[in-house]
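Trainee:
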Amino acid sequence: MIGTKLTGKQNLPTLRELRERAVLTQAELADLAGVTPATVSDLEMGKRKPRPSTIRKLGRALKVKAAEIEFDFARP
25 MIGTKLTGKQ NLPTLRELRE RAVLTQAELA DLAGVTPATV SDLEMGKRKP
75 RPSTIRKLGR ALKVKAAEIE FDFARP
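The sequence shown finishes on residue 100 if you use the working numbering, and the numbering steps up by one all the way, no holes.
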């Protein structure tokens with residue numbers, strides 16, 4: 025699968041892949057999850073590490089478990 029990251033034994037879909045599968049724009053996902061569109065954009069581009077509460081909100085909005093979302097964030 026293109027754009028996924030290998031984590032342990034699981035090959036998890038990225039936030040962007042899940043959003044696109046749900047046929048949602050960044051703004052629509054942000055509205056459903058109760059976060060800003062900038063948050064969704066930054067997370068998809070790996071500009072910041074997501075908070076646990078944000079991961080849970082996005083998981084609920086995408087109807088997946090929070091542990092089923094791969095985030096590839098920039099590390100300092």
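Note that the Cβ used here is the ideal one computed from N, Cα and C, for glycine as well.
1) What residue range is occupied by the uninterrupted alpha helix (DSSP H) comprising residue 83?
2) By Cβ distance, which residues of its chain are closer than 7 Å to residue 24, with the 5 residues on each side in sequence left out?
3) Suppose contacts are defined by Cβ-Cβ distances below 9 Å. Is residue 53 in contact with residue 46 by that definition?
4) Could you check if residue 78 is buried or exposed, using at least 16 other CB atoms within 10 Å of its CB as the buried criterion?
5) Can you look up residue 48 in the DSSP assignment and give me helix, strand or coil?
6) Straight-line CA distance for residue 88 to residue 69?
Mentor: Let me lay it out:
1) 76-86
2) Only positions 25 to 100 of the chain appear in the structure, and residue 24 is not among them; the question remains open.
3) yes
4) Flag for residue 78 reads buried.
5) Three-state result, residue 48: coil.
6) 20 Å
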